[in-house]
Amino acid sequence: MIRKNPSGDLPQIAESAYVDKTAIICGKVVIGENVFVGPYAVIRADEVDAGGAMEPITIGANSNIQDGVVIHSKSGAAVTIGEFTSIAHRSIVHGPCVVGDRVFIGFNSVLFNCVVGDGCVVRHNSVVDGRDLPNAFYVPSTTRIGPNTDLAQFPPVSVSASEFSEDVARTNVDLVRGYKALQNEF
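The opening position of the sequence shown corresponds to residue 2 in my numbering, with each subsequent residue numbered one higher.
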């Protein structure tokens, strides 16, 4: 469902993107070329700051927002998701938040008030809250990273984790083409 927010903003969705009919895209949302938005995802830009302003939620080209993902923002803050980035099933990205290019966010993970650098891998069931991650950073499954977490304890992203991330992104770009081809059959 594509709908306006209370401020009257309508989503801007690239023609080449695929948004499942069960997804909700609301308000000041910009979805780039070849983006896949899976079933039951919610991308909602509707809150304003104290002055009544709102920054957009932006999804970069060739990224995928998988089934049940929620992307929202507090008080009109921006959320930016880079290109070739995968946000896996049932994850939450809550702004203010910036997620770089070629990032993988694993199932059920939560991002809030952070910057996740290019090439990062955040594995399943992890939380990044109030702490920025440098480029090519690796967060193991079930890890909680907060403002005082010592990042030196974590290894860099391995070649296999990077390859996995790239494969997921590639697969979802192929899904966009397949689902776009099927759109007129129903």
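Glycine included, every Cβ here is placed at the ideal spot set by N, Cα and C.
None of the values given here were measured: they were computed from a predicted structure.
Classified as buried, glutamine 67 has 16 or more neighbouring CB atoms from the shown chains inside 10 Å of its CB.
Of all C-beta pairs linking the region 44–61 to the region 161–171, fewer than three are shorter than 8 Å, placing the two stretches out of contact. Look at serine 110 here: in three-state DSSP terms it is coil, with no helix or strand label.
The straight-line gap separating the alpha-carbon atoms of isoleucine 3 and valine 122 is approximately 30 Å.
Approximately 18 Å separates the beta-carbon atoms of phenylalanine 85 and serine 110; this is outside 8 Å, ruling out the contact. Straight-line spacing of the CA atoms in glutamate 16 and glycine 96 works out to 26 Å.
In terms of Cβ geometry, arginine 45 and valine 70 do not form a close pair [threshold 8 Å]. Boundaries of the beta strand (DSSP E) around serine 74: 71–74. Note on geometry: alpha-carbon atoms of aspartate 151 and tyrosine 180 lie some 43 Å from one another.
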